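Working notes, beginning with the structure itself.
Chains as they are written, first to last, in UniProt numbering: chain A, 1 to 428; chain B, 1 to 428.
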């Protein structure tokens, strides 16, 4: 075949945007992902807290590209890259040859050297993470309803979120809303308003990348929602008993990790230079040093802005990088001169605080409260894929807004009947 | 407390209807279920085949009764009944005392003495069953796309449904529709139209409880949809290689069991007389022989109609029994004379065949085709719980009808990346 074969590993924001933008008569694309769906991660916390169902924020990848005869989608796990042979190595041993390779494999959670904390405090990066957190949270209330010992009951009704970036803030706000409002009428033996929701942040303030003014507003809003905000002390332990903040043990059965990320193993596959979080140190055109036909984009790349700051691991950055690489490949194939380096355009910081308030920050412009929440909502609906999802999510939010019900509250996984205290990861 | 305590075990159609109907100043109710949700089983096949999402056909039980201060909901597994002490025994050892006990614990699949077939051919009774079948089915296509060996690819693209009652017919029709139409554009290396869908029935015809005319029509429709209908020969084996029909081995990786049910362990808990399928042989007023304060209803009871025929294990029967027992309890508490025995009113047989055709039979009246499908659809939407579900399901069906897309096609479970050939049940 005379076509140029581009292999893209990863169907997240970066990979999907690249495939979307990259079409031409001489190009064929193979998109490989270890999952069958593209996930809209910014709304994942809403699945974890029962506001939305999984099918509303995820779309089968091959369905997205069904009309692209030039795109082949493969569900497979990548185990390595043979740069000399120009092949991607799959878990089952099969190899996929490429002319150009793009790694867009994202990030996973980091536990600061304490991987043993992970089974006790799962992160929130995938749909399975979200349904696991949802299940543990709902089971905690169910078990508390049955529990006769007051100390164990109190631990079941204590929820700890570790890390006060947007994800942690968003989780804390909704869980508190559930406990203090939505679930109150449904339990007879416990009063869910007695639940404690702790948001724990090692640094001095919540939402550290936002301005101090919005941090303070957010902390105040969270406290108004019933969240206990604990800043300035790091978590020193996390096990079946609970979380240790500094030297204080907080007995808890439901702990969620929102505190640190590390890159996928892309740098290891490539044997390429990486930063402390494992991100590949890419050239200004997002290629791997020494290999102009391998690009790395998204959360797994360490790219820099024009003034030398790191490009943040956010969805708009991955999408912009995907678009950029598509342009670079097209220019190369057309024999056009090289494009200028990648230039990241920051579109602002957004976070919701509970069900009806948000904070938005864009180049010095700050907005908070109810209007910010509506803008946040519209922006997120806009960026969903497809009319059906937009309608479903909008209808869901409207229903919650009008009626107050959380609809996606099913415990559907196998272990639903067992106590939350942690089994080892494979049984989770 | 002077109140009469009714303990209901099972939040299916029978239990929910009973609790719904049983309210009075002197009664308090404890409803125990091993899952947190009530499931609308007639539409479960649509979750298994990606037409609907789990949250559209299941509702948290405690949410349904949030406005009933007299109803306490407990998520727990029942392990036994102490009839002498009048207590229900939970899995964790706790006991719940009752004045009146109602067991509405449903049915599970039976494998005719071959329980070792179960991991290879799961049944369809719970949400976990549905998502397991969905995952295996989608993974089979994904694996076929990657598979280079033609024989293994053919086995991956062979789907066997065992048992041609309504559930088997409904599954076969939609899976065939997926393979022959909806998925065709999404795969590049395989042609999903090459998939084989076999519906295997030991008896002489499909839909054995329907009239021969509608059986024949259904078989013809299924064949038109691309299903291979195999009647008259039982399955003699089922393992990792495939299904053996009589003496013919059909290599297959996705097998679904829709062939036999047995009752829950209620009869064992009660040490009560049971029929061959384990159903409790109840008195005409649905009580347990010798224990007027224990009722058994729904699929786990062997009740008879006025002319001595067995009451079928269908949703309307369970609901009628739930209503009846609520009336009996209320009459007793009011000191009124005993009610006449339970009288089952058969509301007809319904089954869908593919996406747009159904068969309906009611007291000799037969309807088939497109009109039957619309009536089937309206009836099922009517019996869903709550406006939100009705809107969501109606919108979903309308979307599928207009656009043809199956939206709930996510592989969300942990093992999504592994080959379907069966692990042992706990790892499933």
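Note that CB positions come from ideal geometry on N, CA and C, so glycine has one too.
The model shown is predicted, which means the values in this text are computed figures rather than measured ones.
Inset, instruction - Count the C-beta pairs between the segment 124–141 of chain B and the segment 323–336 of chain B that are closer than 8 Å, then say yes if the count reaches three, no if not. - result: no
Legend entry - Unbroken beta strand (DSSP E) run spanning residue 177 (chain B), endpoints: No beta strand (DSSP E) holds residue 177 (chain B); the alpha helix (DSSP H) holding it covers 166–177.
Inset, instruction - Specify, as a first and last residue, the run of the beta strand (DSSP E) that residue 158 (chain A) falls within. - result: 158–162
Inset, instruction - Round the Cβ separation of residue 42 (chain B) and residue 317 (chain B) to the nearest angstrom and send it over; I've been treating them as touching at under 8 Å. - result: Contact flag wrong, Cβ pair sits at about 13 Å.
Inset, instruction - Go to residue 257 (chain A), then tell me how far its beta strand (DSSP E) extends in each direction, as first and last residue. - result: 254–257
Legend entry - Residues near residue 312 (chain A) in its chain [Cβ-Cβ closer than 7 Å; skip 5 each side]: Counting only Cβ-Cβ distances below 7 Å, and skipping sequence neighbours, we find nothing.
Inset, instruction - Indicate whether at least one CB of chain B lies closer than 7 Å to the CB of residue 384 (chain A). - result: no
Inset, instruction - Answer yes or no: does any C-beta atom of chain A fall closer than 7 Å to that of residue 134 (chain B)? - result: no
Inset, instruction - Using a Cβ cut-off of 9 Å, pull out every chain A residue sitting near residue 94 (chain B), in sequence order please. - result: 146, 148
Inset, instruction - Count the other C-beta atoms from every protein chain shown that fall within 10 angstroms of the C-beta of residue 403 (chain A), then say buried if there are 16 or more, exposed otherwise. - result: exposed
Inset, instruction - Quick one: which residues of the segment 40–57 of chain B get their C-beta closer than 7 Å to a C-beta of chain A? List them in chain order. - result: Cβ proximity to chain A below 7 Å picks out 53, 54, 55 from the segment 40–57 of chain B.
Inset, instruction - For residue 236 (chain B), I'd like the list of residues in its chain whose CB is within less than 6 Å of its CB, leaving aside the five on either flank, ordered along the chain. - result: Excluding five sequence positions before and after residue 236 (chain B), the CB atoms of its chain that fall closer than 6 Å to its own CB belong to 244, given in chain order.
Legend entry - Exposure label - residue 378 (chain B); buried when at least 16 CB within 10 Å: exposed
Inset, instruction - Using alpha carbons as the reference points, say which of B:72, B:38, B:144 lies closest to residue 76 (chain A). - result: B:144
Legend entry - The beta strand (DSSP E) enclosing residue 262 (chain B), as first and last residue numbers: 261–263
Inset, instruction - Answer with buried or exposed for residue 74 (chain B), where buried requires no fewer than 16 other C-beta atoms within 10 angstroms of its C-beta. - result: Residue 74 (chain B) should be labelled buried.
Inset, instruction - Using only alpha-carbon positions, find the residue among A:210, A:33, A:309, A:151 that is nearest to residue 194 (chain A). - result: A:151
Inset, instruction - For residue 422 (chain B), decide whether its Cβ has a neighbour in chain A, counting only Cβ atoms nearer than 7 Å. - result: Its pLDDT being 31, under 50, residue 422 (chain B) is placed unreliably in this model, and the coordinates cannot settle the point.
Inset, instruction - Report buried or exposed for residue 362 (chain B), applying the criterion of at least 16 other Cβ atoms within 10 angstroms of its Cβ. - result: exposed
Legend entry - Coarse secondary structure for residue 377 (chain B), derived from DSSP in three states: helix
Legend entry - Stretch pair the segment 197–204 of chain A + the segment 277–296 of chain A: three plus CB contacts closer than 8 Å: no
Legend entry - Residues of the segment 185–218 of chain B whose Cβ lies closer than 8 Å to any Cβ of chain A, in chain order: 185, 186, 187, 188, 189
Legend entry - Contact set for residue 86 (chain B): own chain, Cβ-Cβ below 8 Å, skip 5 residues either direction: 97, 98, 99, 101, 293
Legend entry - Short Cβ contact (7 Å threshold) for residue 445 (chain B) with residue 258 (chain B): Since the first residue of chain B shown is 1 and the last is 428, residue 445 (chain B) is not available in this structure.
Legend entry - Completely contained alpha helix (DSSP H) runs for the segment 207–233 of chain B, where each covers 4 or more residues: Counting whole runs of 4 or more residues, the segment 207–233 of chain B contains the alpha helix (DSSP H) stretches 212–224.
Legend entry - Helix, strand or coil at residue 130 (chain A) [DSSP, three-state]: DSSP places residue 130 (chain A) in helix when its eight states are reduced to three.
Inset, instruction - For residue 12 (chain B), count neighbouring Cβ atoms within 10 angstroms of its own Cβ and tell me buried if that reaches 16, exposed if not. - result: buried
Inset, instruction - Using a Cβ-Cβ cut-off of less than 7 Å, list which residues of the segment 105–129 of chain A approach chain B; keep chain order. - result: 127, 128
Legend entry - Contiguous beta strand (DSSP E) assignments of at least 3 residues, all confined to the segment 76–159 of chain A: 78–82, 87–90, 95–97, 100–103, 107–109
Legend entry - 3 or more residues per run - each beta strand (DSSP E) lying fully within the segment 272–316 of chain B: 291–296
Inset, instruction - Spatial neighbours of residue 381 (chain A) within its chain, please: CB distance less than 7 Å, with the 5 preceding and 5 following residues excluded, ordered by chain position. - result: 390, 393, 394
Inset, instruction - Report back the beta-carbon spacing between residue 38 (chain A) and residue 16 (chain A) to the nearest angstrom; my notes put them in contact at under 8 Å. - result: 5 Å
Inset, instruction - Go ahead and label residue 159 (chain B) buried or exposed: buried means 16 or more other beta carbons lie within 10 angstroms of its beta carbon, across all protein chains shown. - result: By the 10 Å Cβ count, residue 159 (chain B) comes out buried.
Inset, instruction - Name the residue from A:364, A:341, A:265, A:383 whose alpha carbon lies nearest to the alpha carbon of residue 78 (chain A). - result: A:265
Legend entry - Contact with chain A by residue 158 (chain B), beta-carbon distance below 7 Å: At a cut-off of 7 Å between beta carbons, residue 158 (chain B) makes no contact with chain A.
Legend entry - When A:104, A:225, A:360 are compared against residue 371 (chain A), the one with the closest alpha-carbon: A:360
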